[in-house]
Each structure stands twice: as C-alpha cells, then as structure tokens.
Amino acid sequence: MSIFAIADTHLSFATDKPMDSFPGWNDYVQRIEKNWNSVVGDDDTVVIAGDISWAMNFDELKADFDFINKLNGKKIIIKGNHDYWW
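The sequence shown: position 6 = 768 (my numbering), numbered continuously.
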C-alpha cells in the first residue's frame with residue numbers, strides 16, 4: 763500500500779469553467795486519469811488536498827465525484843478555498 767497526494771484538480775464536468783485555456787492544462791483530465799491509474803493501485807490511498815472542483819453546489823459536483831470515484835485507490839478529500847460546493 764502506498765499513499766499519494768494531489769491537489770488543485772479544478773474539475774468542471776458540469777460547469778462551464780474550462781481549465782485548458784491555461785498553458786499546460788490541455789487535456790488535463792485525460793492526463794490525470796491516465797497517470798493516476800498507471801501509478802495508483804486499488805490498495806493505495808490518495809489524499810486530494812483541495813480545489814477539487816469548480817462546482818458551486820452538490821448537483822454540479824456529482825459528475826466530478828463520479829470521475830474521481832472511478833479512479834483507482836481509496837480517496838481522502840480535503841476542502842480547498844475554491845471548493846464552494848462543500
């Protein structure tokens with residue numbers, strides 16, 4: 763078992779806040795998924811240290827959480843200053 767950490771994913775599946783307008787963020791969701799699942803196993807834990815989603819409420823957050831849920835490992839989430847849905 764390993765422990766990993768990631769922060770500032772700024773997911774926006776249900777909101778109109780594309781991050782790929784910033785340099786280096788092109789296809790970032792696909793890169794997160796590919797790299798995460800190639801490194802993190804089912805018995806590993808990932809701490810997601812804030813700024814998970816641009817969602818403003820739980821209804822908007824659901825698609826982002828569905829994405830996180832399908833990634834490998836157990837997840838521990840921490841509220842970030844942009845996690846307005848919390």
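We treat Cβ as the ideally placed atom computed from N, Cα and C, and that holds for glycine.
Please name the residue, chosen from D845, N788, W798, that lies closest to A829 on a Cα-to-Cα basis.
Here residue 829 is Phe; the residue named in the question, Ala, does not match the sequence. That would be W798, whose Cα lies nearest to the Cα of F829.
For W816, does the count of other Cβ atoms within 10 angstroms reach 16, so buried, or fall short, so exposed?
buried
Which first and last residues belong to the alpha helix (DSSP H) in which K841 is found?
Counted as a single uninterrupted DSSP element, the stretch harbouring K841 is not any alpha helix (DSSP H), since DSSP gives it neither H nor E.
Per DSSP, which residues does T807 bridge with? Please list them.
I765, K836
CB contact flag (G842, G812, <7 Å):
yes
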